[in-house]
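Throughout the sequence shown, residue numbering follows this note's numbering, covering 259 to 486 in sequence.
Contents: one structure, followed by commentary.
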Amino acid sequence: MATILVDLDGTLTPLDNWDPVFAEICMHIARQGGTTPEEVWRRARRRSLELMKSLDLRAFDWEEILAEAAAELGVDEVPDVVEALKRHIHAFRLNDGAVEVLSELKAAGHRVEIATNGLAGYQMPVIRHLGLDELVDGVRTSDRYGCPKTCPQYFQGADVMIGDNPVFDVYFPQKFGLYTIFYGDWEKEAATHTQRMRIDLSKTTPHAVVKTLKEIPQVVQYLLKLSS
Numbered sequence: 259m260a261t262i263l264v265d266l267d268g269t270l271t272p273l274d275n276w277d278p279v280f281a282e283i284c285m286h287i288a289r290q291g292g293t294t295p296e297e298v299w300r301r302a303r304r305r306s307l308e309l310m311k312s313l314d315l316r317a318f319d320w321e322e323i324l325a326e327a328a329a330e331l332g333v334d335e336v337p338d339v340v341e342a343l344k345r346h347i348h349a350f351r352l353n354d355g356a357v358e359v360l361s362e363l364k365a366a367g368h369r370v371e372i373a374t375n376g377l378a379g380y381q382m383p384v385i386r387h388l389g390l391d392e393l394v395d396g397v398r399t400s401d402r403y404g405c406p407k408t409c410p411q412y413f414q415g416a417d418v419m420i421g422d423n424p425v426f427d428v429y430f431p432q433k434f435g436l437y438t439i440f441y442g443d444w445e446k447e448a449a450t451h452t453q454r455m456r457i458d459l460s461k462t463t464p465h466a467v468v469k470t471l472k473e474i475p476q477v478v479q480y481l482l483k484l485s486s
């Protein structure tokens with residue numbers, strides 16, 4: 259039996275699930291600050307990226323990041339992220355094949371855990387709403403380990419990492435000895451993240467690349483046979 263880590267945002271769920279949540283909050287801040295929602299979001303994204311480049315888990319604390327963006331604009335009151343999430347979570351959805359891949363990995367006898375950079379306070383409501391908590395054995399969040407997916411303790415006891423981010427789902431897991439399966443367009447995303455994160459990915463290659471989630475169980479089986 260192996261321990262398989264599966265990313266949440268961008269892998270099991272679409273990245274745009276959160277768009278209405280952030281749009282609502284940015285609209286509120288923009289009205290109070292006399293600017294546009296786009297400007298609020300630009301400031302928030304800039305701050306998040308600054309923290310991400312430092313491998314700081316606060317890059318994923320949207321409550322704090324949006325409050326900082328608001329403060330720059332002279333706005334003191336910011337809507338609560340979790341409360342905004344509650345107003346939009348009914349529209350959150352899974353990517354095609356998410357339930358099937360988790361079920362098949364479990365049926366094969368593996369321990370399956372969701373591994374996300376997001377904070378538990380934001381991610382657990384989504385995981386429960388979508389029923390993912392009933393399909394996995396555990397959830398790893400950055401605040402639980404005191405780091406995003408960049409430190410050895412985050413990956414302790416795991417054998418395989420599956421996800422859509424070249425840095426957090428391939429580069430760092432490989433440093434700590436995990437097999438990595440990338441979901442998406444590796445060449446495109448590696449180039450984008452090399453520039454965005456200032457991390458050289460030219461010598462990094464995932465052990466496998468898949469275009470659909472349904473390919474994953476077979477690829478996991480193949481990779482684990484290599485180490486047996």
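In this text, a Cβ means the ideal position worked out from N, Cα and C, and glycines have one as well.
Nearest-angstrom Cβ-Cβ length linking residue i and residue j, presumed shorter than 8 angstroms
i      : j      : result
Glu288 : Val279 : Reading the sequence as shown, one finds Ala at residue 288 and not Glu. No, Ala288 and Val279 are not in contact; Cβ-Cβ is about 15 angstroms, not under 8 angstroms.
Ala373 : Val264 : 7 angstroms
His465 : Val425 : With a Cβ gap of about 16 angstroms, His465 and Val425 do not count as contacting.
Gly376 : Asp267 : 7 angstroms
Arg301 : Ala327 : 4 angstroms
Asp427 : Phe413 : So it is not a contact: roughly 11 angstroms between Cβ atoms.
Leu307 : Arg456 : In fact, because the Cβ distance is near 10 angstroms, the residues do not count as touching under 8 angstroms.
Val359 : Lys433 : Contact flag wrong, Cβ pair sits at about 25 angstroms.
Tyr437 : Val467 : At roughly 13 angstroms, the Cβ-Cβ gap does not stay under 8 angstroms, so Tyr437 and Val467 are not in contact.
Nearest to residue i (by Cα), restricted to the options the options
i      : options                        : result
Pro342 : Arg456, Gly442, Tyr429, Met285 : The residue you asked about is not Pro; residue 342 is Ala in the sequence shown. For the residues Arg456, Gly442, Tyr429, Met285, the minimum Cα distance to Ala342 belongs to Met285.
His348 : Lys364, Lys483, Val384, Leu313 : Val384
Pro249 : Leu484, Lys433, Ala366, Ala448 : As shown, the chain starts at 259 and ends at 486. That puts residue 249 outside it, with no answer to give.
Arg305 : Ser460, Trp320, Met259         : Trp320
His368 : Arg398, Gln479, Phe434         : Gln479
Thr399 : Gly379, Tyr437, Glu330, Val340 : Gly379
Glu445 : Val340, His387, Asp422         : Asp422
Lys461 : Trp276, Phe430, Leu482         : Phe430
Ile262 : Ile420, Ala356, Arg402, Thr470 : Ile420
Gly291 : Ala260, Asp334, Asp274, Gly396 : Asp334
Gln381 : Phe350, Pro410, Ala260         : Phe350
Where residue i sits in the DSSP three-state scheme
i      : result
Ala328 : helix
Val384 : helix
Phe426 : helix
Gly379 : helix
Val394 : coil
Tyr412 : coil
Leu263 : strand
Val439 : Looking at the sequence itself, residue 439 is Ile, so the reference to Val does not match. Ile439 falls in the strand class under three-state DSSP.
Thr271 : strand
Ile457 : coil
Three or more C-beta pairs under 8 angstroms: does that hold for the region 357 to 377 against the region 387 to 397? Between the region 357 to 377 and the region 387 to 397 there are three or more inter-stretch CB-CB distances shorter than 8 angstroms, so the stretches are counted as touching.
Counting only runs of 4+ residues fully inside the region 279 to 347, write out the alpha helix (DSSP H) ranges in chain order. Qualifying alpha helix (DSSP H) stretches, in chain order: 295 to 311, 320 to 330, 339 to 346.
Could you tell me which whole alpha helix (DSSP H) segments of length 4 or greater appear in the region 348 to 373? As far as the region 348 to 373 is concerned, its whole alpha helix (DSSP H) runs of at least 4 residues are 356 to 365.
Determine, using beta-carbon pairs with one atom in the region 404 to 421 and one in the region 306 to 317, whether at least three such pairs fall under 8 angstroms. Touching, yes.
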